[in-house]
Structure formats: C-alpha cells, structure tokens
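2 protein chains.
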Amino acid sequence: MAKLTAIEGKEPAGVGEQEYTISELAAECEVTQRAIRFYEDQHLLAPRRLGQIRIFSRRDRVRLELILRGKRLGFSLAAIKEMLDLCEVDGDHVQQLRVALDRGRRRIAELVGQQQDIASALAELRELERHLAARLREKGIDPEEIVKSDAA
Amino acid sequence: MAKLTAIEGKEPAGVGEQEYTISELAAECEVTQRAIRFYEDQHLLAPRRLGQIRIFSRRDRVRLELILRGKRLGFSLAAIKEMLDLCEVDGDHVQQLRVALDRGRRRIAELVGQQQDIASALAELRELERHLAARLREKGIDPEEIVKSDAA
DNA sequence: GGGCTGATTGACGTTAACGTTAGAGACTTG
DNA sequence: CAAGTCTCTAACGTTAACGTCAATCAGCCC
Numbered sequence: 001m002a003k004l005t006a007i008e009g010k011e012p013a014g015v016g017e018q019e020y021t022i023s024e025l026a027a028e029c030e031v032t033q034r035a036i037r038f039y040e041d042q043h044l045l046a047p048r049r050l051g052q053i054r055i056f057s058r059r060d061r062v063r064l065e066l067i068l069r070g071k072r073l074g075f076s077l078a079a080i081k082e083m084l085d086l087c088e089v090d091g092d093h094v095q096q097l098r099v100a101l102d103r104g105r106r107r108i109a110e111l112v113g114q115q116q117d118i119a120s121a122l123a124e125l126r127e128l129e130r131h132l133a134a135r136l137r138e139k140g141i142d143p144e145e146i147v148k149s150d151a152a
Numbered sequence: 153m154a155k156l157t158a159i160e161g162k163e164p165a166g167v168g169e170q171e172y173t174i175s176e177l178a179a180e181c182e183v184t185q186r187a188i189r190f191y192e193d194q195h196l197l198a199p200r201r202l203g204q205i206r207i208f209s210r211r212d213r214v215r216l217e218l219i220l221r222g223k224r225l226g227f228s229l230a231a232i233k234e235m236l237d238l239c240e241v242d243g244d245h246v247q248q249l250r251v252a253l254d255r256g257r258r259r260i261a262e263l264v265g266q267q268q269d270i271a272s273a274l275a276e277l278r279e280l281e282r283h284l285a286a287r288l289r290e291k292g293i294d295p296e297e298i299v300k301s302d303a304a
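Chains as they are written, first to last, in the working numbering: chain A, 1 to 152; chain B, 153 to 304.
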C-alpha cells in the first residue's frame, strides 16, 4: 500500500483527520480511480500530494460527492466546476457574491424550463400509455398482466 | 434546383401533397442538412428518393419535428427512435402492444425520477440563492440591483 | 460549353467523460 | 531478493451527434 502505512504511522494512532488513498475514496464513493484522476485533471479536485501519491482529505471527499451528485442531476463537469467554485466564494467581495447569485439564478431558470419540458413529455407519454392499454383491453387482454423476460 | 423543378412540373400546379428538398426542410425546421442526413443514416428518417435526391413528405417533416422535440427534451437519438417506432405500433399484434406499453412505462418512470432529481437540485439552488442574497443584504446591498454586462 | 447552384456520398475532425492498456516506481511480505 | 500490491503518468480508444471539408454529379443560364 505504498507510503500510506508510513503516513498513518506518523499520525498518533486512530482517525485523526481521516484521509483517503485514491482506491479507498474510489471504493467508498463508488467511482473509478480513473474518474477521480480525471476530475483532478479538470481542476474539480486538488488533493494534496505525498510525493507522487494523492492524499484526499474529508473536504476532498465532500467535493467529490458533490461532483457525483451534480452528475446524477445531469450537469456537465464544466457546470459542476462552476457551481463548486461559486459555492466557495466565501471572500467578502461584493462583486463575486453578485456574480454567484446571478449564475445561480440562471441555472434555476434553466432547471425550471427543464421541469416544464419533462412535464409535457410525461403528459404525452401518459396519453400514449392510456391509448395502448385501451387497445389491449379491446382485445380482451389485461394490460397489467406481467410480461416475462423483464430483466435489465 | 436540380430535378426538383421537373418533379414539381409533374404535379398539376400547386401544393398537391407538399414535399420538400433537403434544403427546404432544413431551413423550415432550422436544422442542418447534415443533421437530417445523419438521422436518415440512423434510420430515424426514410425519405423517398428521386434518383439520388431525397424527397421529404409531410409525414417525414412531422417525424423530424418530433425528433427535434425529443432532442430538446434531452433524449438520445436512440431513445427517440425507440419512441417513434413505438408510436407506430399500429399493427394489432398483441405482443407488440405489450412491449410498447412496457417501454413507455419504463420511460415514464425514468422521467419521474428525473423530475425528482431536478426538484431537489432546485431546492438546493434556491437555498444557495437565499444564502447569497442574505449575505449581500448584510453588506447593505440590494440583491435585485441589476448587474451590468448581462448579455448572453 | 463554361460557370453557378444545389444535391450526394465519403471520410476525417470534434467534444465530453471517462475506459483501457502499458510501463514504471514504491513498498511489503514470504 | 523476488513476487505481489498499489500507485503514478502517458497516451490511445470509445460513444454520441453531428461539423467540416472534398470530390463528384446533375441541371439551368447565357
């Protein structure tokens, strides 16, 4: 496990400040190491280094989890990066706060638009569903009857 | 306009059944010709041919518009194709109807999931918005004040 | 019959977000 | 000390949905 043992050795004994190797982080967050390295490449993560080896802090882990959440929400990495950077505007520069607020609002507007699009798509699909179910009933067949070979 | 003139010549005089060349269709639907050819390549469209030249019917145009709508809704071309094919299950083969119904329901489930994801993303973003706005007010600044350079 | 326009078929280029070898250190263990 | 494990960088491969030439062919105009 490389130098990690050495590191953990340096720390008194226990959890101290909880750090992770890339494999640990990958396992716990259920991503590949490749993905993690890629995020670092794209400056979404910036773990500290111990020689060559990456050491991830709790903060790094939180960031990664935010990244993954963003992905599940369908955001691009670029967008996620923007939002993360945006969240870290904790300086008291008014201009920065304003820009952040503005971007956030734009994204809200985008999402509201998407919501509406999805809603209308759902309406159409449900219409289609009713149509198909009706046609099956016409043929004296129960639409709820389970069809076999239903696996992934 | 190549053979088109010849074709229109064959038709009595006017609109007859309204057909389009690829450039006309592209212009009216605001897509590139390349995209249209690509959709044909992927079997999402199948215009008739007059020699080499593609001739699009009203039905083709409707299909294209559905494709574009699907795209706006974030569906992949594969998914769109599936749905289009699905909508055209007008044969009375029970098995087909059932499969179509099943797929439709799965997609509905997916979309409902997306809706929820977006809803929670929106909740977070609105939370962030409140936070930022509050911090600006703390500094005695009106969050609604318009920021310049607001263009695209 | 030379040129312009518009259509067609390749076929390579592009972006995003990683996957997948490949080769090479670093460290532990038998 | 050799094997095994974990890590690193480098770099090419992949999918989706077209963009962007390039070369060609067909018809119309003067």
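C-beta atoms are modelled at their ideal positions from N, C-alpha and C, and glycine is treated no differently.
Considering only DSSP beta bridges, list what residue i is partnered with.
| i | result |
| --- | --- |
| Y20/A | F56/A |
| L220/B | Beta-bridge pairing links L220/B to no other residue. |
| R48/A | I55/A |
For residue i, which residues from the same chain have a beta carbon less than 8 Å from its beta carbon, with the 5 sequence-adjacent residues on both sides left out?
| i | result |
| --- | --- |
| E192/B | A198, P199, R206 |
| A151/A | Note that A151/A scores a pLDDT of 39, beneath 50, so its modelled location is shaky; the value from the coordinates is reported in the next line. Answer for A151/A: no residue qualifies. |
| L64/A | L25, C29, V31, I36, Y39, L45, F56 |
| A13/A | Interpretation of A13/A is limited by its pLDDT of 44, a score under 50 that renders its predicted location unreliable; no figure is taken from the coordinates. |
| E290/B | none |
| A142/A | Before going further, note that residue 142/A is Asp rather than Ala in the sequence given. If we look at D142/A and ignore the five residues flanking it on each side, its Cβ neighbours are L136. |
| R107/A | A79, M83 |
Run down chain A in chain order and give the residues with a C-beta less than 9 Å from the C-beta of residue i.
| i | result |
| --- | --- |
| R250/B | L132, L136, I141, P143, E145, V147 |
| E171/B | Per Cβ cutoff of 9 Å: no residues; E171/B is ~27 Å from chain A at best. |
| L202/B | Ordered by position in chain A, no residue passes the 9 Å Cβ test against L202/B, which lies about 34 Å from the chain. |
Can the beta-carbon of residue i be found closer than 8 Å to that of residue j?
| i | j | result |
| --- | --- | --- |
| L77/A | L125/A | no |
| E234/B | R255/B | yes |
If residue i and residue j are in contact, beta carbons under 8 Å, what's the gap, nearest whole angstrom?
| i | j | result |
| --- | --- | --- |
| L238/B | A252/B | 5 Å |
| L73/A | D269/B | 5 Å |
| L97/A | R287/B | 6 Å |
| Q170/B | R201/B | Contact flag wrong, Cβ pair sits at about 18 Å. |
| E122/A | L263/B | With the sequence shown as reference, residue 122/A is identified as Leu, and Glu is not the correct amino acid for it. Contact holds; Cβ gap of about 5 Å. |
| Q267/B | Q115/A | 7 Å |
Skipping 5 residues on each side, what residues in its chain have a beta carbon closer than 7 Å to that of residue i?
| i | result |
| --- | --- |
| V94/A | none |
| D212/B | L197, P199 |
| S272/B | none |
| L218/B | L236 |
| L284/B | none |
Whose Cβ in chain B lies nearer than 7 Å to the Cβ of residue i?
| i | result |
| --- | --- |
| Q114/A | I270 |
Can you pull the chain A residues whose beta carbon is under 8 Å from the beta carbon of residue i, in chain order?
| i | result |
| --- | --- |
| R259/B | L125 |
| R224/B | D117 |
Name, please, each residue of chain A whose Cβ falls closer than 7 Å to the Cβ of residue i.
| i | result |
| --- | --- |
| E182/B | The premise fails here: E182/B is roughly 18 Å from chain A at the closest Cβ pair, so nothing lies under 7 Å. |
Any heavy atom of the ligand FAD inside 7 Å of the beta-carbon of residue i?
| i | result |
| --- | --- |
| I67/A | Annotation note on the ligand FAD: not contained in the displayed structure, which lists no ligands. |
Note down, in chain order, each residue of its chain lying with its Cβ closer than 6 Å to the Cβ of residue i, except the 5 sequence neighbours on either side.
| i | result |
| --- | --- |
| Q185/B | I174, A178 |
| G70/A | I80 |
| T157/B | Because T157/B sits at a pLDDT of 43, beneath the cut-off of 50, its placement in the model cannot be relied upon, and the following sentence gives the value as read from the coordinates. Once the five neighbours on either side are set aside, T157/B has no close Cβ partner at all. |
| L280/B | none |
| I298/B | none |
| Y20/A | F56 |
| G265/B | none |
Which residues in chain B sit within 8 Å of residue i, going by Cβ to Cβ distance?
| i | result |
| --- | --- |
| E82/A | The contacting residues do not exist; E82/A stays about 12 Å from chain B at best. |
| E129/A | L253, G256, R257, I260 |
| V94/A | L288, K291, I293 |
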